[in-house]
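Following: one structure in structure tokens, then a few remarks.
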Amino acid sequence: MDRSVDVVLIKGDGIGPEITASVVKIFAEAEVPINWIEGFAGYQAYEETGNPLPEEVIRQITEYKIALKAPLTTPVGKGFRSANVTLRQRLDLYSNVRPALSLPGVNSAYKDVNLVTFRENTQGLYIGKERIIEPDSHVELIGVITRKASERIIRAAFEYARKNKLKKVTLGHKANILKESSGLFLKVGGEIAADYPDIEFQDMIIDNMAMQMAMRPQQFDVIVTTNLFGDIISDLASGLVGGLGVTPGANIGDDYAVFEAVHGSAPDIAGQNKANPTALLFSSLMMLRHLGMDDKHDLIRKAALTVLANPELRTGDLGGKGTTTSFTDAICKEIAANK
Ligand code: NAI
């Protein structure tokens with residue numbers, strides 16, 4: 011019986027095809043039982059079909075439930091709505107989950123960070139409601155916070171903490187100024203926390219949180235916050251552990267999950283065999299945990315960490331001499347030696 015799992019693979023724009031080729035090769039070496047179903051989205055899809063997020067790719071993810079997505083280019087202006095934002099909204103992928111974990115040997119400000127950010131992915135100031143009151147002079151925008159959306163992201167953060175035996179959830183907010191909107195998020199946080207007496211709950215004003223993360227990031231286990239704050243704080247977290255090239259992410263809803271690197275399509279290095287595939291690889295490892303393929307997860311992760319610990323083998327963004335392909339081949343070699 012074929013027990014393979016079907017996963018939609020979106021190769022994306024810029025460095026996307028190079029880093030997805032790397033993940034596919036590493037998964038093949040590790041004999042991960044996945045059938046890749048190719049999905050098409052992004053700038054290239056826009057040029058060919060007039061739509062950066064064709065209905066077909068939405069249909070595929072709806073059918074297969076899980077996707078691994080490389081970065082998609084979003085041109086500035088031109089009325090081009092981000093395919094990433096649309097995807098999160100269309101599939102109701104309300105949890106944006108980003109672990110930030112110090113990696114042995116990788117140059118970073120701290121060696122002992124292990125935190126994960128849960129960012130509310132569907133509301134806040136990112137709902138796209140901007141209104142021009144007077145051109146070039148006065149614009150208004152609307153942010154939305156609802157009890158329902160707050161409850162589910164905060165609960166997801168607590169559930170993650172419990173499952174991974176983490177001690178504390180810290181909620182980031184600005185309820186001192188945004189008394190109703192951020193205030194509602196904070197209030198709901200306190201209510202949900204009462205269901206998890208085994209986990210410490212703490213709240214922190216978001217600007218203080220940014221400072222605390224820069225000064226003493228070890229104090230955080232799970233951070234939960236609203237959309238805009240989470241966007242900024244999670245990039246800050248990735249900067250603490252070596253940057254965008256090594257930070258994975260996932261967008262998870264009740265029905266579907268899309269795993270993706272935190273970084274963009276890096277057009278400045280596209281097609282040059284320079285891209286670091288680590289962030290997409292680690293996103294795909296989150297996917298393996300999600301699918302319950304823990305043995306394959308452990309095999310690939312161990313191999314990747316061994317290679318990353320060798321400065322010669324790393325890609326240029328991490329100060330190494332490796333290329334996308336030589337880095338990938340080194341991981342495959344480690345896997346072959348360990349399986
Ligand atoms: P970016 O993350 O693509 O690049 C920023 C810098 O980091 C560049 O110097 C790039 O070369 C470097 N970099 C990024 N990933 C790397 C990797 N894996 N290996 C080595 N170096 C890497 O951000 P930027 O330039 O602001 O955005 C480029 C495009 O990507 C834009 O169209 C943006 O909208 C899109 N984007 C897409 C995202 C997604 O699909 N989830 C997320 C962020 C941006």
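Per my numbering, the sequence shown starts with residue 11, numbered consecutively. Where is the CB? At the ideal position from N, CA and C, for every residue including glycine.
Starting from the C-beta of D194, find all residues in its chain whose C-beta is less than 7 Å away, skip the five residues before and the five after it, and write them out in chain order.
Note that residue 194 corresponds to Leu in the displayed sequence, not to Asp. Contacts found: I155, R157 and S160.
Secondary structure at D23, three-state DSSP: helix, strand or coil?
coil
Helix or strand or just coil, what does DSSP make of K312?
helix
Segments of 3+ residues assigned as beta strand (DSSP E) that fall wholly inside the stretch 18–70:
44–49
Round the Cβ separation of L103 and N261 to the nearest angstrom and send it over; I've been treating them as touching at under 8 Å.
4 Å
So the candidates are Y74, L176 and S275; which of them puts its Cα closest to the Cα of I47?
Y74
Continuous beta strand (DSSP E) stretch holding Q133: start and end
Per DSSP, Q133 belongs to no beta strand (DSSP E) and is neither H nor E.
Along the chain, where does the beta strand (DSSP E) that runs through D213 open and close?
E210 to I215
Quick check for students: name the residue ranges of the beta strand (DSSP E) that lie wholly in the stretch 246–334, counting only runs of 3 or more.
258–262 and 267–271
In terms of residues, what are the limits of the beta strand (DSSP E) holding K178?
K178 to H183
Host alpha helix (DSSP H) of G200 (start-end)
S191 to A203
Quick one, which of G49, R108, T236 and Q228 has its alpha-carbon nearest A289's?
R108
If contact is defined by three or more beta carbon pairs under 8 Å, each pair taking one atom from either stretch, is the stretch 283–298 in contact with the stretch 258–273?
yes
Hey, I243 and G199: beta-carbon distance below 9 Å or not?
no
Taking Cβ positions, are G274 and P62 nearer each other than 9 Å?
no
Can you tell which of S14, E28, V42 and A31 has the C-alpha that lies nearest to the C-alpha of A346?
V42
For V86, does the count of other Cβ atoms within 10 angstroms reach 16, so buried, or fall short, so exposed?
exposed
Does the beta-carbon distance from V179 to I209 come in below 9 Å?
yes
Just how far apart, CA to CA, sit I164 and D305?
29 Å
Taking the Cβ atom as the reference point for each residue, do I152 and L125 lie within a distance shorter than 9 Å?
no
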